[in-house]
Structure formats: C-alpha cells, structure tokens
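Residue numbers (UniProt numbering), protein chains in the order written: chain X, 1 to 108; chain H, 1 to 412.
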Amino acid sequence: MAQIRFIQPDGTENVVEIADSGTSVMLAAIRNGISGIDAECGGCLDCATCHVYVEEGASGLLAPPQPEELELLGSVAAPRKSNSRLSCQLKLPPSITSLIVHIPEAQS
Amino acid sequence: MSGLVVVGASYAGIQAALSARDSGYAERITVVADDHLLPYQRPPLSKDFLLDKVTQDNLVLRDDAFFKLKQIDLILETRVHAIDRHARKLSINGNTVLDFDKLFIGTGSHARRLALPGSNLDGVCYLRSIRDAADLKERLRHAAEIVVIGGGFIGLEVAASASKLGKKVTVIESAPRLLERSVSPLVSQFLLDLHTRHNVDVRLNDTVAGIEGQNGRAAFVTTQGGACLRADLVLVGIGGVANDQLARDAQLNCTNGIVVDDHGMTDDPGIFAAGDCANHYNAYAGDWLRLESVQNAQDQAKAAGLAIAGKTGPYDSVPRFWSDQYDAKLQTVGISRNFDRQSVRGSLESGQFSVFYYKQDRLCAVDSINRAGDQMAARRLIGSGISPSPEQAADLSFDFKSLLTTINAVGA
Chain X
1 MAQIRFIQPD GTENVVEIAD SGTSVMLAAI RNGISGIDAE CGGCLDCATC
51 HVYVEEGASG LLAPPQPEEL ELLGSVAAPR KSNSRLSCQL KLPPSITSLI
101 VHIPEAQS
Chain H
1 MSGLVVVGAS YAGIQAALSA RDSGYAERIT VVADDHLLPY QRPPLSKDFL
51 LDKVTQDNLV LRDDAFFKLK QIDLILETRV HAIDRHARKL SINGNTVLDF
101 DKLFIGTGSH ARRLALPGSN LDGVCYLRSI RDAADLKERL RHAAEIVVIG
151 GGFIGLEVAA SASKLGKKVT VIESAPRLLE RSVSPLVSQF LLDLHTRHNV
201 DVRLNDTVAG IEGQNGRAAF VTTQGGACLR ADLVLVGIGG VANDQLARDA
251 QLNCTNGIVV DDHGMTDDPG IFAAGDCANH YNAYAGDWLR LESVQNAQDQ
301 AKAAGLAIAG KTGPYDSVPR FWSDQYDAKL QTVGISRNFD RQSVRGSLES
351 GQFSVFYYKQ DRLCAVDSIN RAGDQMAARR LIGSGISPSP EQAADLSFDF
401 KSLLTTINAV GA
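Here it is, written out as structure tokens:
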C-alpha cells in the first residue's frame, strides 16, 4: 500500500492510495478522478499527456525513465524539468510508501 | 430534472459524462452499461493481457471513487432496449423506464462476424471485450497452431502476442498488403518483414474458404488459394460494425454508424453520440469517417460533453492510431490516403523511422515506427497546418520544434 499526494498548480492536494504495485501513478490518478492528468492513450506511451513533476529527492528511488519515455518527455506541453516524468511509467517499488507529485499547468 | 443519460461505459461514454460534468453540467448524470465490470482499458487486451503482463484488475480505468467524486451514477449489467425520443425515455431491463433530457450514445462497435462454413465451430474466436480476451487467453494456452483471419490491427497484434508465446501462427489477409486502410505500402512492407522475422506465416491476397472441424472444434482453415492450414484456434479480426441499432430503431440518422456533426450531435439536438458507433465528416480525410480508436472516442466525446453542458468546442482532432507489435511501436497521425510524395526520416533497417506523406506539397500524415518524438511533432505540425519540406523531414538533424516555434511566433 502506498499513498500518492497529487498537488495541483493552485496548491490543492488530493491523496490517493495504491494497493497494487502493478498500478501506475497515472492509473491511480485516472481511476480516482484527479484533474490535470489527461492520459489520452491510457499508458501506451503514445501521447505525453500524463506528465508530472516528481518531488525532488524521490526521483532517485524510482526506476529511471526508459528511452521511449525520455523521447516523449521532449514533447510535453508544460515546461520539462529535471524531475519530469510520465506518470504512466511510474510504478512504485515496495520500498516507497508515499510519493508527492506535482501536476503541471497543461497537458496538451 | 432527469438530466443526462449515457448509454455505454465506453471510452466515449465515460469521457462524455466527465466532460459534461467538468464543463459545468449540473444536472444528474447516469451511465448505463451492459458490461459487468467497471470501465476498463481496451488496448492492452490484444497485447499485455494475453501475455499475462497485466491482470484484469490492472485494467480498471475508472473506480468507484471517480464516479463518486464526479457525481456520476453508474448502472452496470443493464441493457437499454429502446429510446423513446418523443417522450424522452429509455426502456431498460424490459419494463423499467429512465427519463432523460439529454442522451449520449457510446455503444461502440462489435466484431464483424465471419459468415462461412465452419465459422460457428468451437475455437473460432473474436476479440473485443475483456470476456473475449480472457477466453482467448485461456485457449491460447492450450493451442499450438493458430490461424488469424485478417491482417488489421487486432489480427496483427494477436499474431505478435501468439508468436511471443511460442505458437505457430499464420495470418491470412485478402488485401495485397497488411493494414491497407491505415498505413502506406512502405510501412505495410516493414510490418510484413517484421512478422516474417518472427516466424509468422503471412499470406496476402488470399481469403478463407471455410473452417473444417473435428469433434465440433476448429481443426483446419482452407483458403480460396488452395491452402489447408492446421488450426486449433482461429482468431477472426475482419473489422468492426457500429452498434447503432438502438439509434436506428429510434429513427436517428444512421449510415455506417450514427451520423453526428462536429459537436457529436445527432439529427436530434438533445441526442449525442461519439466513438466507434458514430460517423462524422472529417476535414482531414475530406470524407465521412467512422473511426475505431481510443483517441477519436475521447476527443469526439469531449466535444459532445461540452455541447451537452452548453459550451462549444468542436471536434477537429487529427486522427491518430497506435499499435504495438513485438518491439515495434507504430504510431500514425493524419490520413495518408492518396498521398503523392513521401519522405523517410531514419532508416527501415534500424527499425526506427518515420514516413512523412505529402499531398500537393502539404504534409497530410506521418507514420512512425519507434520514433515517438517525430510523431509528437507531426501531430502539432499537421494540427497547425505547417508542412516541413520533404528534405527537412528526411534530415535527422532538422528540429521540427524550431519550425513550430518560428511559425507560432509569426502567427502570434
């Protein structure tokens, strides 16, 4: 069980629990109706519309982005930062029980 | 007030309900679906689900929390039998009636059935729903020789999955090339080579004559070309048919699906439709199209949701598709039909390339294999009506972003 805190650009927060380590951060957001993550392709690495900023410091605990994700990160609508990730590719290892992600201003 | 009723918990149905709500529609929203499960993702059904990389639980797309948060009522395992347009009522489950002010039809499509001798034999399968996928997965486990009828997206994705599972796979396609209606000859050839390299026997220009059974189960597929192929499992992927019967019965305008305008509106101004079941005039194709894709379902339903909420935002997305086969991710944007020039970026040999298609010097479509960056740029270029020259497209050092930035700046 892991908790993810989604922080909107205006500072409002939502907390979502992930019970299954196979569930991506994107899917957790979509299932729970978190605004600001469009995920048009549903996690097939086709759209770059589930962009998030992972809280600084946590990035090192997550599996690094694969080349395909990096390529799509080059096309995100909001500014790309060093902690930019596509949330469809973010799955939490058992060692992480909480994560904070910031939602960008725009997805497309 | 009886509010909005959405028929079908499909990508289109859920998106329409969500867009209406998020755009300020304050009345009641009810989604009625004959599915037994919460809305689920469909693209993985022919790929990761068959390969046991995701479970049924992983596929859930919208949870109870979503419906609660968005104040959308979801009624599962319930079939809508008829629309009474005059009384603004739906009949569900025989004698129950549901009132509506606005109606959205997102009933999707069903697999076109094979109508040949032997097509009702056990072991002749289709892939559309999660039930179909679970059945196919179980049968694949026990099957050794698989014949796939149809070299379209579903057929090729299942062929790739079955091949990965170590099965002997034959694909029969009546057209002279694979994915004829979706990609250009060059990409068709790449895919043919890709499947052949993975030991899939692809037979073009041939059609199935019939399926022969043994003890009531499929055993052989015979073709017009004279082949007789052993098959303990037959997957039929010969296209989809719009689920528009409900709309037809209600005398809504239907031609190869429910005819809608660019707001997803039918010829009844209170009734909307989008996705696989809808037929719209597509400016990029210059023709009427019924698109079966997640992108179309969502974008068209967004436009409908806005219209339902009294806002405007027409559907004008460039059509897009994607498909995963082995290690190749195919992405396409635009309509390449009738192109008169093509330009290749990258190399076919490396398995990483994009093909840019031009019609009278205008970029009309791009197919990419493992070049997602090109594809993202292409979507913006085509969507903005910007055409890089064929020489620029072929030049790997040319950055499309510069073109987009420059022209955007000039435009602004």
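Backbone N, C-alpha and C fix where the C-beta goes; we use that ideal spot for every residue, glycine too.
Among the options, nearest to residue i - alpha-carbon criterion
| i | options | result |
| --- | --- | --- |
| Q8 (chain X) | X:L27, X:V25, X:V52 | X:V52 |
| S35 (chain X) | X:G43, X:E56, X:E71, X:T12 | X:T12 |
| D84 (chain H) | H:L76, H:F100, H:G275 | H:F100 |
| L156 (chain H) | H:R177, H:P117, H:R112, H:H142 | H:R177 |
| F400 (chain H) | X:C50, X:S75, X:P67, X:I37 | X:S75 |
| A65 (chain H) | X:L99, X:L27, X:L72 | X:L27 |
| S84 (chain X) | X:A39, X:V15, X:L99, X:I103 | X:I103 |
| L381 (chain H) | H:V366, H:A394, H:V31, H:N370 | H:V366 |
| D73 (chain H) | H:V124, H:A17, H:P117, H:L37 | H:A17 |
| V54 (chain H) | H:F67, H:S347, H:Y40 | H:Y40 |
| S46 (chain H) | H:V148, H:A12, H:H280 | H:V148 |
| G383 (chain H) | H:V318, H:E212, H:R341 | H:V318 |
| L61 (chain H) | H:E77, H:P43, H:T78, H:Q71 | H:P43 |
| S184 (chain H) | H:L136, H:Q342, H:G108 | H:Q342 |
| L61 (chain X) | X:Q3, X:F6, X:I37, X:I96 | X:I96 |
| Q360 (chain H) | H:V187, H:Q295, H:P390 | H:P390 |
Simplified DSSP assignment, three categories, for residue i
| i | result |
| --- | --- |
| H263 (chain H) | coil |
| G411 (chain H) | Residue placement at G411 (chain H) is poorly supported in this model, since its pLDDT is 38, which falls under 50; the coordinates are not used for a value here. |
| H142 (chain H) | helix |
| C364 (chain H) | strand |
| G11 (chain X) | coil |
| Y358 (chain H) | strand |
| K90 (chain H) | Before going on, a small fix: residue 90 (chain H) reads as Leu here, not Lys. Looking at L90 (chain H) - three-state DSSP - the assignment turns out to be strand. |
| N32 (chain X) | coil |
| A394 (chain H) | helix |
| T170 (chain H) | strand |
| Y281 (chain H) | strand |
| V234 (chain H) | strand |
| F190 (chain H) | helix |
| I335 (chain H) | coil |
| S163 (chain H) | helix |
| F353 (chain H) | strand |
| R21 (chain H) | helix |
| D84 (chain H) | strand |
| E212 (chain H) | strand |
| A111 (chain H) | strand |
| K329 (chain H) | strand |
Neighbourhood of residue i by C-beta, 7 Å cutoff - its chain only, sequence neighbours within 5 removed
| i | result |
| --- | --- |
| G152 (chain H) | L179, G237, G239 |
| F126 (chain H) | The question names Phe, but residue 126 (chain H) is Tyr in the sequence shown. So the list reads A111, D132, V236, once near-sequence residues are dropped. |
| S161 (chain H) | S46, K47, L50, L51 |
| F353 (chain H) | V344, R345, G346, S347, I369, R371 |
| Y11 (chain H) | G275, V294, A297, Q298 |
For residue j and residue i, believed in contact at Cβ under 8 Å, the rounded distance
| i | j | result |
| --- | --- | --- |
| K167 (chain H) | I146 (chain H) | 5 Å |
| A278 (chain H) | G305 (chain H) | Their Cβ separation, rounded to whole angstroms, is 14 Å, which puts A278 (chain H) and G305 (chain H) out of contact at 8 Å. |
| G106 (chain H) | A273 (chain H) | 7 Å |
| L86 (chain X) | A372 (chain H) | Not quite, the Cβ-Cβ distance comes to about 11 Å (not below 8 Å), so this is no contact. |
| L396 (chain H) | R345 (chain H) | 6 Å |
| V7 (chain H) | V80 (chain H) | 5 Å |
| G351 (chain H) | A301 (chain H) | Incorrect: roughly 35 Å between the Cβ atoms, too far for contact. |
| D63 (chain H) | N14 (chain X) | Contact flag wrong, Cβ pair sits at about 13 Å. |
| T223 (chain H) | E212 (chain H) | T223 (chain H) to E212 (chain H), Cβ: 12 Å. No contact. |
Close Cβ partners of residue i (< 8 Å) along its chain, the five nearest in sequence each way excluded
| i | result |
| --- | --- |
| A409 (chain H) | The predicted model places A409 (chain H) with a pLDDT of 46, which falls under 50 and marks its position as unreliable, so this point remains unresolved. |
| G311 (chain H) | Checking the displayed sequence, the identity of residue 311 (chain H) turns out to be Lys instead of Gly. So the list reads S23, G24, once near-sequence residues are dropped. |
| F398 (chain H) | P388, Q392 |
| R230 (chain H) | E145, A219, F220 |
| A78 (chain X) | H51, P104, E105, A106, Q107 |
| Q66 (chain X) | Q89 |
| H36 (chain H) | L76, E77 |
Cβ-based neighbour list, residue i, same chain, cut-off 6 Å, excluding 5 preceding and 5 following
| i | result |
| --- | --- |
| E55 (chain X) | I100 |
| A309 (chain H) | A20, S23, G24, Y25 |
| K102 (chain H) | L4, G270, I308 |
| V259 (chain H) | N253, N279 |
| D201 (chain H) | T170 |
| H195 (chain H) | V202 |
| D244 (chain H) | C254, G257, I258, C277 |
| L289 (chain H) | N282 |
| W322 (chain H) | Q331 |
* If you pair each beta-carbon of the stretch 275–293 of chain H with each one of the stretch 322–340 of chain H, do three or more pairs fall below 8 Å? -> yes
* **Segment contact, 8 Å Cβ cut-off, at least three pairs: the stretch 90–98 of chain X with the stretch 16–24 of chain X** => yes
* Decide yes or no for the touch test of the stretch 208–220 of chain H against the stretch 185–199 of chain H: beta carbon pairs closer than 8 Å, at least 3 of them. => no
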